[in-house]
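Asks:
Number of protein chains: 2
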Amino acid sequence: MNNIATRPVDTVIAAAPEFLADRITVNDALRQQHARGEDTSTPTLPDAVAFVETTEEVSRLLALCNQHGVPVVAFGAGTSLEGHVNPVRGGISVDLSRMNQVLEVSAEDMDCLIEPGVTRQQLNEYLRDQGLFFPVDPGSHCTIGGMCATRASGTNAVRYGTIRENVLSLEVVLADGRVINTGSRARKASNGYDLTRLLIGSEGTLGIITKVRLRLHGIPEAMSAAVCQFPTLASAVETVITVLQMGIPVARIELLDEVQMQACIAYSKLEGYGAQPTLFLEFHGTKASVAEQAQSVEAVAVENGGSGFAWATDADHRNRLWKARHDAYWAAVAMKPGGRGIATDVCVPISRLAEALLGAKDDIEQSGFSAPIVGHVGDGNFHTVILVENEEPATLAAAWELDKKIVHRALALGGTCSGEHGIGLGKREFLEAEHGLEALAVMRSVKQALDPRGILNPGKIFRN
Amino acid sequence: MNNIATRPVDTVIAAAPEFLADRITVNDALRQQHARGEDTSTPTLPDAVAFVETTEEVSRLLALCNQHGVPVVAFGAGTSLEGHVNPVRGGISVDLSRMNQVLEVSAEDMDCLIEPGVTRQQLNEYLRDQGLFFPVDPGSHCTIGGMCATRASGTNAVRYGTIRENVLSLEVVLADGRVINTGSRARKASNGYDLTRLLIGSEGTLGIITKVRLRLHGIPEAMSAAVCQFPTLASAVETVITVLQMGIPVARIELLDEVQMQACIAYSKLEGYGAQPTLFLEFHGTKASVAEQAQSVEAVAVENGGSGFAWATDADHRNRLWKARHDAYWAAVAMKPGGRGIATDVCVPISRLAEALLGAKDDIEQSGFSAPIVGHVGDGNFHTVILVENEEPATLAAAWELDKKIVHRALALGGTCSGEHGIGLGKREFLEAEHGLEALAVMRSVKQALDPRGILNPGKIFRN
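Quick note, the sequences are listed as chains A and B, same order.
So in the numbering used here, the last spot in the first sequence is 464, and the numbers never skip.
So in the numbering used here, the last spot in the second sequence is 1464, and the numbers never skip.
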């Protein structure tokens, strides 16, 4: 017998091939690919990467890791912006991207059962023929398992809710390998503690999601997109507030500031628009109701100084507009070739949105960084993408200083440090400021109850 | 010193007047009033009733009870149908009905902060002048704190969601008296574990809710109600499925079977309707969209054999119809003067609704009981109100046998034992069948982490 392997993780790596065959690997290139997401955290190599294909494999792997106290980090598409997939304490990166089957679709019930590695594009492609769609749209090529883990949302949340409102139930593997289902196929339930919602947004720290049952929606009879430009950020925000108060069921209402518009015009070759604060809108419904919504919003916008209305009812034009919006992050990053972006993610009560936005712009100006702003303003959520030319410690520290200013203002305005990206590594200190130590202690006691050995994504959400 | 008082609860009763003055009482009539809700559980007297008025009082009382291991049961309006407020292990009934202030309303943010004893009628009365309303409507005169505790919903959930989707955050007193806030005023957040949703539906077993921040909605420009009658239950259900698949944003879509219609016609003096399966509908929106929705639904209904359409756009007529619907439970109970109703509360995938309903009707027929059926069918949720003429053990046992049959069919169809009433005492055995022992073990470990001495509403949700 070879007894050189003494680290617990080596024991796991030696034992796992029994059920994973060659799908657990210490290959350096693969470990590099699992060292972080799209964030700016310092990459850390996992000791091994496991490409799991079944719930049973996840269960056996977790039982093994739990037995030996080895950290486990779930990995989907690697699009996290907050360091979630960075295995800061080593261990096994569990890659779920091969668990990407759509298992069931019910058109009558408008629900489906999928594996966690399914991406939202893949799902919508699959559903199109059945007249159904899955509305939650963070814009990136993320997996739905990752969206559940980070409580993601995006452009459609103002109408269809976040992932939280669109998951019926989950299959989850717990730290010790036990497998649970968190609910039935019923649309609503008052059936004990809401384990579904407890797992959604738990960032891989309470269990690994192996199946997701989603709510779906009928593809609307008609859709129309619109773009409208404003003289000031405040006038654009005022338009949003009025539209929401009138109860107009906008499907999307997105704000881009003048810096972001400039980036998008250059990156996506948007013609006919100026570099000024802009709302991107979308309306879903019957033909008549879509037209009615559009007219009502146009009237409100014009009253607030909006101009340059451009309506797009044909799919091509609409898709081009939304592709430009979805590429906003990449358009921003392209302003600093070779650089990276640090995305803030505050969300405030909508009455405080103008104050939060204008304050952020002041901070940006004082900092010397470029930082375009883009926002899911119907929810009060906006991102500043702080552009760093390099990842030198001093540059990153200055960028995080700016991030901190923007977040603390949002907290002071009754908001949250994260509307949709999650806490991960980068926002841990804000969580204490936001919730207070007592609420954080409750979260810790739940973590302790479900993962007593602390193997699940250690170092995330909590600072220790 | 008088040392006769040796029971822990007596120590609490002796110490509490320090901060509650005479608002803790052992008065027999008051204890009787807090012995159960509107359910058929065997009434149990609390040892005392405490009429709390502030968060601090709740905090001090819980710290005291925790110190002495004395059970605490939160009490709102006493409308629970599942035994939630029955202090089965004695202790203190904490009556929150005096904490009934609306603390803040923001029209711009469409949110409000209230104390838990506020009822939904009281809130909507308060909000009316501001053009806002709170949509979650279980029909009873319940408190919003109680609605949160039981994850309530009702007739508007198909459009506006349940209480779960309409709470932004909670203030909660934990078992040991610590006070936490579960979130910010932001519309959405990815800010650590979702303690708000963990508390919602926890039935007073994890903490006592002392403040609620709610989402509000704008009162729609136009509302219209409709009633349509069908030859069979199946044709009514088929209508519902098609309407939902078409994405028609109905605000309410409620089914009453022929027995329930007979009861309502008698109780609410509804003229011009027959005792046959009936849908009650409501549409919210602009005048044009309401008319469009109504026409679309009428077309679907007619295709499924629906007839006798009656549209009501004026508020009086509409309110009369919905009052009849809301009084359905009392109309049912009135069929057996002096008796009580046991309400089943299953919720199934909508494709299985006809099967669940028709199966329930068979079971009812075989049982010999009268049991009208009324359902929030847009969510797949329906109630059979099993009418018992008396509360003799044999009668109740037979009624529970029928209840059990209906629930087990719903579970086999992928549904839940409770759509909106909660688990309480009556549904504990079903919870195990529904979730499996592993998921239940996770719930228990959360309970253990948050309430290690088990003082919070002991005996509810879990059987031991």
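Glycine residues also receive a C-beta, built at the ideal position from the N, C-alpha and C atoms.
The structure displayed is predicted, hence computed values, not measured ones.
Considering only their Cβ atoms, is the gap separating ALA1356 (chain B) from ARG1409 (chain B) smaller than 8 Å?
Replies: Yes; because the gap between Cβ atoms is below 8 Å, this pair is in contact.
Asks: So, is the C-beta of LEU1431 (chain B) closer than 8 Å to a C-beta in chain A?
Replies: It does; some Cβ of chain A falls within 8 Å.
Asks: Return the CA-CA distance between MET1 (chain A) and ALA1433 (chain B), expressed in angstroms with no decimal places.
Replies: Note that MET1 (chain A) has pLDDT 47, beneath the 50 cutoff, so the model's placement of it is unreliable and no number is given.
Asks: Indicate whether at least one CB of chain B lies closer than 8 Å to the CB of THR278 (chain A).
Replies: Cβ-Cβ to chain B under 8 Å: no for THR278 (chain A).
Asks: What do you reckon, are the CB atoms on SER1296 (chain B) and GLU108 (chain A) nearer than 8 Å?
Replies: Taking 8 Å as the Cβ cut-off, SER1296 (chain B) and GLU108 (chain A) do not qualify as a contacting pair.
Asks: Taking CB distances under 8 Å as the criterion, tell me whether PRO116 (chain A) reaches chain B.
Replies: Output row for PRO116 (chain A): interface = no.
Asks: Between which two residues does the alpha helix (DSSP H) carrying ASN1319 (chain B) extend?
Replies: Unbroken alpha helix (DSSP H) run through ASN1319 (chain B): 1315–1326.
Asks: For the region 408–423 of chain A, which residues have a CB atom closer than 9 Å to at least one CB atom of chain E, in sequence order?
Replies: This model lacks chain E altogether; the protein chains it does include are A and B.
Asks: Which residues bound the alpha helix (DSSP H) around VAL348 (chain A)?
Replies: VAL348 (chain A) -> no alpha helix (DSSP H), and no H or E assigned at all.
Asks: With a cut-off of 8 Å, does the C-beta of ASN1381 (chain B) fall near any C-beta of chain A?
Replies: Answer yes: the Cβ-Cβ gap between ASN1381 (chain B) and chain A drops below 8 Å somewhere.
Asks: Flag MET1 (chain A) as yes if its beta-carbon sits less than 8 Å from any beta-carbon of chain B, otherwise no.
Replies: Any answer about MET1 (chain A) is weak, because its pLDDT of 47 lies below 50 and its placement is not dependable; what the coordinates show is given next. Not closer than 8 Å to any Cβ of chain B, the Cβ of MET1 (chain A) fails to qualify, so no.
Asks: Which of the three DSSP states is assigned to PHE382 (chain A) in this structure?
Replies: If DSSP states are grouped into helix, strand and coil, PHE382 (chain A) belongs with the strands.
Asks: Against chain A, with Cβ distances strictly below 8 Å, would SER1097 (chain B) count as a contact?
Replies: Not an interface residue.
Asks: Excluding sequence positions up to five away, which residues of its chain have a Cβ less than 6 Å from the Cβ of PRO1393 (chain B)?
Replies: No residues qualify anywhere along the chain.
Asks: Where does SER1190 (chain B) sit, in a helix, a strand or coil, going by DSSP?
Replies: Note: SER1190 (chain B) maps to coil in three-state DSSP.
Asks: Just to make sure I have the definition right: I need the residues of chain B whose C-beta is within less than 8 Å of the C-beta of VAL348 (chain A). Which are they?
Replies: By Cβ distance, chain B contributes ARG1185 and ALA1186.
Asks: Could you check whether SER1093 (chain B) and HIS1034 (chain B) sit closer than 8 Å to each other, using their CB atoms as the reference points?
Replies: Contact: yes.
Asks: Pull up the distance between the alpha-carbon of VAL1388 (chain B) and that of ASP1403 (chain B), whole angstroms please.
Replies: VAL1388 (chain B) and ASP1403 (chain B): Cα-Cα distance of roughly 12 Å.
Asks: Within 10 Å of its beta-carbon, does LYS1447 (chain B) have 16 or more other beta-carbons around it, so buried, or fewer, so exposed?
Replies: LYS1447 (chain B) comes out buried.
Asks: Tell me, which residues are paired with ALA1310 (chain B) by DSSP?
Replies: DSSP output for ALA1310 (chain B) lists B:VAL1227 as bridge partner(s).
Asks: With a threshold of 8 Å, are at least 3 pairs of Cβ atoms found where one atom belongs to the region 1127–1139 of chain B and the other to the region 1208–1221 of chain B?
Replies: Counting Cβ pairs under 8 Å, three or more are found: they touch.
Asks: Per DSSP, which one or two residues make a beta bridge with SER1106 (chain B)?
Replies: B:ASP1111, per the DSSP bridge assignment.
Asks: Would you tell me roughly how many angstroms separate the C-alpha atoms of ASP345 (chain A) and LEU168 (chain A), rounded to the nearest one?
Replies: Their Cα atoms are separated by approximately 26 Å.
Asks: Does DSSP put SER370 (chain A) in a helix, a strand or coil?
Replies: Reduced to three states, the DSSP call for SER370 (chain A) is coil.
Asks: Can you find a C-beta in chain A that's less than 8 Å from the C-beta of ASP1194 (chain B)?
Replies: Judged by the 8 Å Cβ criterion, ASP1194 (chain B) is in contact with chain A.
Asks: Under a three-way DSSP split, which group does LEU358 (chain A) fall into?
Replies: LEU358 (chain A) falls in the helix class under three-state DSSP.
Asks: Anything in chain B within Cβ reach of MET223 (chain A), meaning under 9 Å, just list it in chain order.
Replies: In chain order: nothing, as chain B lies at least about 12 Å away.
Asks: CB-CB under 7 Å to LEU1233 (chain B), same chain, minus the five flanking residues each way: which ones, in chain order?
Replies: Result list for LEU1233 (chain B): ASP1257, PRO1277, ALA1354, LEU1357 and LEU1358, in chain order.
Asks: Determine the direct distance from the alpha carbon of THR182 (chain A) to that of MET1335 (chain B), and round the result to whole angstroms.
Replies: Looking at the two C-alpha atoms, the distance is approximately 39 Å.
Asks: Quick one, which of A:ALA331, A:GLY69 and A:LEU20 has its alpha-carbon nearest MET261 (chain A)'s?
Replies: With distances taken between Cα atoms, MET261 (chain A) lies closest to A:ALA331.
Asks: Closer than 7 Å by beta-carbon distance: list the chain A residues that pair up with VAL1446 (chain B), in chain order.
Replies: Those within 7 Å of VAL1446 (chain B) in chain A are TYR193, VAL446 and ALA449.
Asks: Starting from the beta carbon of THR1286 (chain B), find every residue of chain A whose beta carbon is closer than 7 Å, and list them in chain order.
Replies: Per Cβ cutoff of 7 Å: GLU292.
Asks: When Cβ atoms are compared, which residues of the region 197–214 of chain A fall closer than 8 Å to chain B?
Replies: Taking 8 Å as the Cβ-Cβ cut-off against chain B, the residues of the region 197–214 of chain A that qualify are ARG197, LEU198, ILE200, GLY201, SER202 and LEU206.
Asks: Taking Cβ-Cβ distances shorter than 8 Å, what residues in chain A pair up with ASN1181 (chain B)?
Replies: Chain A residues near ASN1181 (chain B): HIS435, GLY436 and ALA439.
Asks: Give the DSSP-derived three-state secondary structure of LEU281 (chain A) in the structure shown.
Replies: It is a strand residue.
Asks: Could you run through the region 1018–1039 of chain B and flag, in chain order, every residue whose CB is less than 9 Å away from some CB of chain A?
Replies: Those residues of the region 1018–1039 of chain B that come within reach of chain A (Cβ to Cβ, closer than 9 Å) do not exist; the list is empty.
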